[in-house]
Structure formats: C-alpha cells, structure tokens
Amino acid sequence: MASFASAERLPAADLYARVSRVIPPFEWPVFAEDAEAILRLKRERNAVVLAHNYQTPEIFNCVADIVGDSLALARKAMEVEAEVIVLAGVHFMAETAKLLNPSKTVLIPDVAAGCSLADSITAEDVRLMRRRHPGVPVVTYVNTSVAVKAESDICCTSGNAKRVVEALGVPRVIMLPDEYLARNIAAETDVEIIAWEGHCEVHETFRAADIAEVREAHPGVTVLAHPECPPDVVAAADFSGSTAALSDYIAGRQPPRVVLMTECSMSDNIAVQHPAVEFIRPCNLCPHMKRITLANIRASLEENRHVVTIDPAMADRARLAVERMLAI
Ligand code: 13P
Ligand code: SF4
Numbered sequence: 019m020a021s022f023a024s025a026e027r028l029p030a031a032d033l034y035a036r037v038s039r040v041i042p043p044f045e046w047p048v049f050a051e052d053a054e055a056i057l058r059l060k061r062e063r064n065a066v067v068l069a070h071n072y073q074t075p076e077i078f079n080c081v082a083d084i085v086g087d088s089l090a091l092a093r094k095a096m097e098v099e100a101e102v103i104v105l106a107g108v109h110f111m112a113e114t115a116k117l118l119n120p121s122k123t124v125l126i127p128d129v130a131a132g133c134s135l136a137d138s139i140t141a142e143d144v145r146l147m148r149r150r151h152p153g154v155p156v157v158t159y160v161n162t163s164v165a166v167k168a169e170s171d172i173c174c175t176s177g178n179a180k181r182v183v184e185a186l187g188v189p190r191v192i193m194l195p196d197e198y199l200a201r202n203i204a205a206e207t208d209v210e211i212i213a214w215e216g217h218c219e220v221h222e223t224f225r226a227a228d229i230a231e232v233r234e235a236h237p238g239v240t241v242l243a244h245p246e247c248p249p250d251v252v253a254a255a256d257f258s259g260s261t262a263a264l265s266d267y268i269a270g271r272q273p274p275r276v277v278l279m280t281e282c283s284m285s286d287n288i289a290v291q292h293p294a295v296e297f298i299r300p301c302n303l304c305p306h307m308k309r310i311t312l313a314n315i316r317a318s319l320e321e322n323r324h325v326v327t328i329d330p331a332m333a334d335r336a337r338l339a340v341e342r343m344l345a346i
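Here the numbering used here = 1-based position in the sequence shown + 18.
Okay, here's the thing in structure tokens:
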C-alpha cells in the first residue's frame with residue numbers, strides 16, 4: 019500500500035465518496051473547503067503530500083499522493099520529483115524525507131508532531147551504549163532524531179527490522195530505542211539483541227488480556243498487532259507486522275472480522291478500501307499523528323511552513339545509516 023490514485027481532478031462529491039463509509043455526511047462540510055484548497059495548492063506549488071497510514075481518512079484518502087508505512091514513505095520520498103513535499107506524519111518522517119531528497123522543500127504542518135520513541139533517546143545515550151558494548155553494531159529504528167541516526171550504523175523500520183539485524187552477519191546487535199520491537203524481533207532470530215527502554219506511548223498500553231476479551235466476545239476474530247506492542251500482546255495475536263504488512267494481510271486474506279492492535283485511523287483507512295471486513299475496537303489514538311489536519315496542511319502550503327532543515331554536521335552520517343537500510 020504505497021501509493022493512492024491522485025485525487026487532483028475529482029469534483030467535491032467524488033472526493034466525499036472516497037470517505038463516505040467512515041465520515042458521516044454532516045461532517046464532510048468541515049473538510050470539503052480545505053481538501054479542495056489543498057488540491058489546488060498542490061498544483062500551484064508543484065507539491066505532493068506523503069501521508070502515513072495513521073493519518074485521518076480525509077487526509078489519507080482525499081489529499082495524499084503517496085500513503086504507506088515508514089519504510090514506503092522513505093523510499094517514495096527519495097523518488098519525488100515535485101518541488102515540495104508535505105509530510106503528513108510525524109517529525110522524524112519529515113526529517114527522513116529531507117535527508118533522502120535534500121534538494122526539495124520538505125514541510126511538516128505542525129512541528130510539535132513528535133514521537134515518544136524519538137524522545138526516549140539522545141545521541142549521547144547511543145555513544146554510552148557503544149562504550150558499554152564495544153564493537154557491537156547499532157541498529158536504530160527510524161523513529162529517532164537525525165542526531166541519533168548519525169550515531170548509528172544502520173537504521174531499520176518495523177517492516178524490515180529482522181532482515182536488517184540478520185543482514186549484518188554478527189552474533190549480537192544493539193537495537194534502539196524500542197524495547198518491545200527489539201524483544202519481538204529477538205523472538206524471531208538467533209541474533210542476540212541488546213535493547214533500550216524506549217516505548218511507543220500508543221502501543222505500550224495494549225494488553226494480552228484485551229485480546230482474550232475480544233476473542234471471547236467475537237469468536238473467530240483475527241487479531242493483528244503492530245510489533246511496537248509488548249511481546250505478550252504480539253504472541254497472543256494471529257499476525258504481527260508493520261502498518262503496511264497489517265494492511266496487506268487484510269487485503270490478501272479478507273478476514274470477515276479483525277481487531278487491529280494499533281492506531282485507530284488504520285482501521286478507518288482500511289475499512290474504506292475493504293468494505294467486506296468488519297473492524298472491532300480496541301485501538302488507541304496517537305496524539306502526535308493527530309496534530310496533522312487538513313487545515314494545517316493547507317496552511318503549510320499557503321505559508322510555506324514549517325520548513326524542515328537538517329544540521330549539516332549530522333546529515334551525511336544520518337543519511338548513510340538510512341541508505342544502508344534501504345540497500346538491504
Ligand atoms: P510503521 O513503519 O509500521 O508504519 O510504523 C510507524 C509508527 O510510528 C508506528 O507507531
Ligand atoms: Fe511514535 Fe507511537 Fe505515535 Fe508511532 S504511534 S508516531 S511510534 S508515538
């Protein structure tokens with residue numbers, strides 16, 4: 019699920035048809051004017067909108083040119099030929115886009131759209147881990163700052179973490195900063211993984227007991243969990259993978275009923291594409307992803323804000339860590 023048909027030429031009624039399953043008609047007027055203005059501004063400014071799978075349905079379905087997980091957005095950002103990239107997602111995603119396509123103007127509609135994982139570790143923490151474990155390579159989740167990436171040997175996402183860890187051909191790696199992702203990958207590989215204690219504030223709150231309750235209430239339900247969930251949650255699920263892998267699972271198997279142990283907008287966005295699948299809660303909202311709205315995407319294009327810049331002293335080393343990942 020890396021790209022979506024362009025909405026550029028669609029009249030307003032057709033735009034609404036894309037989200038009518040998840041946005042009631044009385045709510046659409048709130049979005050319609052901004053959505054149409056964004057389509058016009060994209061043409062005027064030669065801009066594209068890259069949106070993460072956790073963006074709200076009106077962003078994901080009506081104004082995004084490219085949608086996907088962190089890995090797909092990084093790959094696609096590299097290929098963008100338009101002058102301007104608006105990153106509808108969180109700050110580390112915008113930084114990654116700028117790292118990989120430095121000649122473009124990259125805009126993030128709200129600079130406060132952060133990430134609890136990115137906030138859980140500093141560059142000095144990475145240097146400390148290296149001193150504690152000399153010679154052990156550092157694999158860093160893309161959910162980190164450029165400063166942390168610059169201290170790392172290679173990056174990974176939830177979509178390629180196992181492959182990256184095994185591609186290094188060593189018996190031990192340091193994997194930062196998501197403790198649960200590290201432990202979930204450790205359960206699938208012989209490589210020993212030294213973890214950090216960072217957590218995603220959205221996924222850490224899911225409990226294995228939630229899954230037991232859902233299975234009891236909805237016999238036969240398929241449970242899918244993001245690997246940022248605690249290991250006992252992942253173990254109790256039927257499948258675990260990146261947001262793109264969860265989406266592909268549903269597209270390929272069309273399970274009649276599913277629970278997504280992840281951010282709530284995922285269910286809405288997939289529901290739009292797969293009307294035959296019933297989505298059952300629980301889910302959790304990411305407050306950082308939800309800072310991005312149609313109104314501030316429009317403002318970002320009208321006012322050219324907020325321009326993402328990368329400290330040149332770190333750019334080359336951070337880019338190398340991301341490019342090594344993309345080469346695997
Ligand atoms: P994905 O790379 O699986 O899309 O995950 C990004 C993220 O922030 C999940 O919380
Ligand atoms: Fe960060 Fe978690 Fe939000 Fe993803 S869901 S952006 S990992 S806080």
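For every residue, glycine included, the Cβ atom is placed at its ideal position computed from N, Cα and C.
Inset, instruction - Quick one: give me the first and last residue of the beta strand (DSSP E) that residue 279 is part of. - result: As a working note, residue 279 is residue 261 in the sequence shown. 275-279 is the span of the beta strand (DSSP E), which, as asked, contains residue 279.
Inset, instruction - Determine the DSSP secondary structure at residue 23, reduced to helix, strand or coil. - result: On the sequence shown, residue 23 is found 5 positions in, with the first residue counted as 1. With a pLDDT of only 45 at residue 23, under 50, the local geometry of the prediction cannot be trusted, and the value read off the model is given with reservation. Here DSSP, grouped into helix, strand and coil, assigns residue 23 to coil.
Inset, instruction - With DSSP as the reference, label residue 186 as helix, strand or coil. - result: Residue numbering aside, residue 186 sits at position 168 when the sequence shown is read from its first letter. Correct three-state label for residue 186: coil.
Inset, instruction - Taking 5 Å as the limit, tell me which residues put their C-beta closer than that to any heavy atom of the ligand 13P, in chain order. - result: What you get when you keep residues with a C-beta closer than 5 Å to any heavy atom of the ligand 13P is 87, 88, 175, 176, 260, 261.
Inset, instruction - For residue 249, decide whether its Cβ has a neighbour in chain B, counting only Cβ atoms nearer than 8 Å. - result: Protein chains in the displayed structure number just one, and chain B is not present.
Legend entry - residue 287 classed as buried or exposed, judged by whether at least 16 other C-beta atoms fall within 10 angstroms: Working through the sequence shown from its first residue, we reach residue 287 at position 269. The residue is buried, with at least 16 neighbouring Cβ atoms inside 10 Å.
Inset, instruction - Just list the alpha helix (DSSP H) runs in the segment 159-226, keeping only unbroken ones of 4 residues or longer that don't cross its boundaries, in chain order. - result: Restricting attention to alpha helix (DSSP H) runs no shorter than 4 residues, the segment 159-226 encloses them at 164-168, 179-185, 197-204, ordered along the chain.
Legend entry - residue 130 - DSSP class collapsed to helix/strand/coil: Your numbering for residue 130 matches position 112 in the sequence shown. Three-state DSSP puts residue 130 in coil, outside helix and strand.
Inset, instruction - For residue 182, I'd like the list of residues in its chain whose CB is within less than 7 Å of its CB, leaving aside the five on either flank, ordered along the chain. - result: One-based indexing of the sequence shown puts residue 182 at position 164. Cβ contact annotation for residue 182 (same chain, cutoff 7 Å, sequence separation greater than five): 157, 172, 174, 343, 346, in chain order.
Inset, instruction - Give every residue of the same chain whose Cβ lies closer than 8 Å to the Cβ of residue 145, excluding the five residues on either side of it in the sequence, and list them in chain order. - result: Here residue 145 is taken as the residue at index 127 of the sequence shown, counted from 1. If you ignore the 5 residues before and after residue 145, its C-beta comes within less than 8 Å of the C-beta of 169, all in its own chain and listed in chain order.
Legend entry - Local conformation of residue 306 per DSSP, three classes: For the purposes of this step, residue 306 is taken as the residue at position 288 of the sequence shown. Note: residue 306 maps to coil in three-state DSSP.
Legend entry - Buried versus exposed, by CB contacts within 10 Å (16 or more), residue 153: For this step, residue 153 is matched to residue 135 along the sequence shown. By the beta-carbon neighbour count (other beta carbons within 10 angstroms, threshold 16), residue 153 is exposed.
Legend entry - Three-state secondary structure assigned by DSSP to residue 314: Looking up residue 314 in the sequence shown gives position 296. Helix, per DSSP.
Inset, instruction - Sort 82, 241, 125 by Cα distance to residue 326 and report the nearest one. - result: The residue given as residue 326 occupies position 308 in the sequence shown. Among 82, 241, 125, the Cα nearest to that of residue 326 belongs to 125.
Inset, instruction - To the nearest angstrom, report how far apart residue 115 and residue 280 are at their CA atoms. - result: Working through the sequence shown from its first residue, we reach residue 115 at position 97. Working through the sequence shown from its first residue, we reach residue 280 at position 262. Their Cα atoms are separated by approximately 24 Å.
Legend entry - residue 98 - DSSP class collapsed to helix/strand/coil: What you label residue 98 is simply residue 80 of the sequence shown in a count that begins at 1. Residue 98: coil per DSSP, three-state reduction.
Legend entry - Contact between the segment 307-317 and the segment 69-85 (3+ Cβ pairs under 8 Å): Between the segment 307-317 and the segment 69-85, the count of C-beta pairs closer than 8 Å reaches three or more; the two stretches touch.
Legend entry - residue 49 classed as buried or exposed, judged by whether at least 16 other C-beta atoms fall within 10 angstroms: What you label residue 49 is simply residue 31 of the sequence shown in a count that begins at 1. Under this definition residue 49 is a buried residue.
Inset, instruction - With a threshold of 16 other CB atoms inside 10 Å of the CB of residue 200, please say whether the residue is buried or exposed. - result: Counted from its first residue, the sequence shown places residue 200 at position 182. When all chains shown are included, residue 200 counts as buried.
Inset, instruction - With DSSP collapsed to three states, give me the class of residue 45. - result: Counting from 1 along the sequence shown, the entry for residue 45 is found at position 27. Of the three classes helix, strand and coil, the one that applies to residue 45 here is coil, per DSSP.
Inset, instruction - Say whether the segment 289-299 touches the segment 91-105, bearing in mind that this needs 3 or more beta-carbon pairs closer than 8 Å, one atom from each stretch. - result: Contact between the segment 289-299 and the segment 91-105 is not established, with fewer than three Cβ pairs separated by less than 8 Å.
Inset, instruction - Taking 8 Å as the threshold, find out whether the segment 246-253 comes into contact with the segment 187-204 through three or more Cβ pairs. - result: Contact holds: three or more Cβ-Cβ distances are below 8 Å.
Inset, instruction - Take the Cβ of residue 303 as the centre, count every other Cβ of all protein chains shown within 10 Å, and call the residue buried at 16 or more, exposed below. - result: Here residue 303 corresponds to residue number 285 of the sequence shown, with the count starting at 1. Residue 303 is exposed by the Cβ-count criterion.
Inset, instruction - Using 7 Å as the cut-off, classify the Cβ of residue 306 as near or not near the heavy atoms of the ligand MG, replying yes or no. - result: Absence of the ligand MG is noted for the structure shown, with the ligand 13P and the ligand SF4 being the only ligands found.
Inset, instruction - Could you name the residues of the same chain whose beta carbon sits closer than 7 Å to that of residue 148, not counting the 5 residues immediately before and after it, in chain order? - result: Locating residue 148 in the sequence shown gives position 130, counting from the first residue. Taken in chain order, the residues that qualify are 156.
Inset, instruction - With DSSP as the reference, label residue 258 as helix, strand or coil. - result: The residue given as residue 258 occupies position 240 in the sequence shown. Residue 258 falls in the strand class under three-state DSSP.
Inset, instruction - Give the secondary structure of residue 114 by DSSP, where H, G and I count as helix, E and B as strand, and everything else as coil. - result: To locate residue 114, count along the sequence shown from 1; it is residue 96. Helix.
Legend entry - Any non-hydrogen atom of the ligand SF4 within 7 Å of residue 134 CB: Indexing the sequence shown from 1 puts residue 134 at position 116. Yes, Cβ of residue 134 sits closer than 7 Å to a heavy atom of the ligand SF4.
Inset, instruction - Report yes or no: do three or more beta-carbon pairs, one from the segment 249-261 and one from the segment 211-218, lie closer than 8 Å? - result: Taking one beta carbon from each stretch, the segment 249-261 and the segment 211-218 have fewer than 3 pairs nearer than 8 Å; the two do not touch.
Inset, instruction - Flag this pair as yes or no: are the beta carbons of residue 177 and residue 82 separated by less than 8 Å? - result: Counting from one through the sequence shown, the residue named residue 177 turns up at place 159. Counting from one through the sequence shown, the residue named residue 82 turns up at place 64. Not a contact, by the Cβ cut-off of 8 Å.
Legend entry - Continuous beta strand (DSSP E) stretch holding residue 68: start and end: For the purposes of this step, residue 68 is taken as the residue at position 50 of the sequence shown. Going by DSSP, residue 68 is part of the beta strand (DSSP E) stretching over 65-70.
Inset, instruction - Could you check the C-alpha separation between residue 129 and residue 47 for me, to the nearest Å? - result: In the sequence shown, the residue the question calls residue 129 occupies position 111. In the sequence shown, the residue the question calls residue 47 occupies position 29. Spanning the two alpha carbons is a distance of roughly 27 Å.
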